[in-house]
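Q:
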Amino acid sequence: MRSLYLDCSLGLGGDMLLAALHGLGADFAVLEGLFSDSGVAVEIRPETVTRQGVAGCSMSIRWEDGQPLRHLADLEDILNRLAVSPSVKEKSAKALRRLAEVEATVHGVAVESVHFHEVGAIDTLVDVVGAFWALEQMGVEEVVCSSLPWFTGTVQCEHGTMALPAPATLQLMQGKPVHPTAFTQEMVTPTGALLIDALVSRFAEGPTGTLLGSGLGYGTRDSGGGLRTFLLAQADAGKSNRAGAAEAVTLDTVVQLESNVDHLTGEEIGFCFESLMEAGALDVLYLPGIMKKNRAGGVLRVLCAPDMADAVQQAFFHHTHTLGIRRSRVERVTLQRHASRMETPLGEMEAKSYSLGGRQISRPEYEALVAFARKTGRSLPELRAMMSGGAGEEASDGDEDCNM
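Okay, so the sequence shown: first residue is 30 according to the working numbering, each after it adds one.
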């Protein structure tokens, strides 16, 4: 199991968390494309910065036009159009409603009347969706956090001068451990407090486990430290390592859904693939063959996590109109891997790293290769050859994500 530890001793904001997750390998260019496809033109751009002699990352979220007045229903409408997993949509919607409820309590209005002026509607949506989306992409199953810094001072907002922590932040910090500091500026933003409230399962004074990587995310202030994040591998009693000292592998269970299909066109099968992945499938496979009555057809096979089986099964029926699905639980053995970055002849690239045969191997992610192909005009086979020869490591297009 992989966990993420947040060291919030020097503050936390939504943009700081995204920046730190980028430092751990999350590729937000993909998320930017998903927002664009949903009708929201927004730039999500990481920038390398150095403060107090330490290099880290900051996250810039920009849009061309001024934001209109948006309420919770408006954000939920955008969220419903995003091509992210049902789990990310559900968790993001829950967090946004939680923030609206807190703002409603603070200002004494109905939830439906809350407009996201102080935190910025698009900023908040990108921060919330981006956090859940990135953690899912990285395979993080638990988020652990340090105690939160207590701070004082004042801040100017639409309602005038307010004492820190801001009222919404204060509401969201309730029930969380805090420690005193001498800070007289905003160290935890409302969106930062919301993400702690939505993501963190427990608090601890330090990380525990095998350290896989770290990220440092800076906020908008030019001074001060940043948010440190640590990606960790945890021993899990519920999963077995059956490879002994040879390879570190994990045994878990996935649900396999399959059906014989001989009534769909190639276009319909292609759209079905996309729809099943959006519904939460881990992998979709079509095995062509000759069916009964000598019809050309094939077996459509889908793998998914047990908690997504019902949603994926419903999508399977909806998009194929098959009359029956074979459903079974199968064991899956996976190599331990994590998101990383690798140096290539064309520059740094998002990658996946794992250990095999006593060697550390990195291979570029498919989306990263596509981005380089479009930027340079080279083909994917040409880029793969360059990666293999230039980086001195095995490489592929990243399509084989060990979902089997």
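Glycine residues also receive a C-beta, built at the ideal position from the N, C-alpha and C atoms.
Would the beta-carbon of F180 fall within 7 Å of that of M216?
A: What you label residue 180 is simply residue 151 of the sequence shown in a count that begins at 1. What you label residue 216 is simply residue 187 of the sequence shown in a count that begins at 1. For F180 and M216, yes; Cβs fall inside 7 Å.
Q: Between D251 and the rest of its own chain, which residues show a CB-CB distance below 6 Å, the 5 nearest in sequence each way excluded?
A: The count along the sequence shown starts at 1 and reaches residue 251 at position 222. So no residue of the chain qualifies.
Q: Along the chain, where does the beta strand (DSSP E) containing C37 start, and where does it finish?
A: Numbered from 1 along the sequence shown, position 8 holds the residue referred to as residue 37. Taken as a continuous stretch (DSSP letters only), C37 belongs to no beta strand (DSSP E), as it is neither H nor E.
Q: In three-state DSSP terms, what is V234?
A: As a position in the sequence shown, residue 234 is number 205, starting the count at 1. The question names Val, yet the displayed sequence has Glu at residue 234. Coil, per DSSP.
Q: Would you mind working out which of L245, Q263 and I225 sits nearest T239, comparing C-alpha positions?
A: Taking the sequence shown and counting its residues from 1, one reaches residue 239 at position 210. Considering only alpha carbons, the answer is Q263.
Q: I believe V83 touches L245 by the beta-carbon criterion, under 8 Å. Please report the beta-carbon distance rounded to the nearest angstrom.
A: Position 54 of the sequence shown holds residue 83. Position 216 of the sequence shown holds residue 245. Indeed, because the Cβ distance is near 7 Å, the residues count as touching under 8 Å.
Q: How would you call R388, buried or exposed, if buried means at least 16 neighbouring beta carbons within 10 angstroms?
A: For the purposes of this step, residue 388 is identified with residue 359 of the sequence shown, where counting begins at 1. Using a 10 angstroms sphere on the CB of R388, the tally of other CB atoms stays under 16, which defines it as exposed.
Q: Going by the beta-carbon positions, is the gap between G54 and R370 smaller than 7 Å?
A: The residue you call residue 54 lines up with position 25 of the sequence shown. The residue you call residue 370 lines up with position 341 of the sequence shown. Closer than 7 Å, so yes.
Q: So, do the region 59-68 and the region 223-242 have three or more beta carbon pairs nearer to each other than 8 Å?
A: Between the region 59-68 and the region 223-242 there are fewer than three C-beta pairs closer than 8 Å, too few to call the two in contact.
Q: Give a yes or no on contact between the region 123-140 and the region 96-114, applying the rule of three or more CB pairs nearer than 8 Å.
A: yes
Q: Using the Cβ count rule (16 or more neighbours within 10 Å means buried), how would you classify S382?
A: Here residue 382 refers to the residue found at position 353 of the sequence shown. Under this definition S382 is a buried residue.
Q: For Y247, which beta-bridge partners are listed by DSSP?
A: Reading the sequence shown from its first residue, position 218 is the one you call residue 247. Per DSSP, S87.
Q: Could you tell me the alpha carbon to alpha carbon distance between I90 and M416, rounded to whole angstroms?
A: Start at 1 with the first residue of the sequence shown, and residue 90 comes out as number 61. Start at 1 with the first residue of the sequence shown, and residue 416 comes out as number 387. If I take the Cα positions, the gap works out to 31 Å.
Q: According to DSSP, simplified to helix, strand and coil, what is F302?
A: Sequence index remark: in the sequence shown, residue 302 carries index 273 (1-based). Annotated three-state conformation of F302 is helix, per DSSP.
Q: How long is the line joining the alpha carbons of I390 and Q365, rounded to whole angstroms?
A: Position 361 of the sequence shown, counted from the start, is the residue given in the question as residue 390. Position 336 of the sequence shown, counted from the start, is the residue given in the question as residue 365. Cα to Cα, I390 sits roughly 12 Å from Q365.
Q: By DSSP's criteria, E452 is part of a beta bridge. Which residues make up the other side?
A: Nothing can be reported for residue 452, as the shown portion of the chain is limited to 30 through 433.
Q: Mind checking which residues open and close the alpha helix (DSSP H) that includes G52?
A: Here residue 52 is taken as the residue at index 23 of the sequence shown, counted from 1. Its alpha helix (DSSP H) spans residues G43 to G52.
Q: Given a threshold of 16 other Cβ atoms within 10 Å of its Cβ, counted over all protein chains shown, does K322 qualify as buried or as exposed?
A: Counting from one through the sequence shown, the residue named residue 322 turns up at place 293. The residue in question, K322, is exposed, as its Cβ has fewer than 16 Cβ neighbours within 10 Å.
Q: With a threshold of 6 Å (Cβ to nearest heavy atom), would V341 be considered close to the ligand NAP?
A: In terms of ligand content, the structure shown is empty, and the ligand NAP therefore cannot be addressed.
Q: Between T218 and G43, which are expected to be in contact by the criterion C-beta below 8 Å, what is the C-beta distance as a whole number of angstroms?
A: If you number the sequence shown from 1, residue 218 lands on position 189. If you number the sequence shown from 1, residue 43 lands on position 14. Your pair T218 and G43 checks out as a contact, with CB atoms roughly 7 Å apart and the cut at 8 Å.
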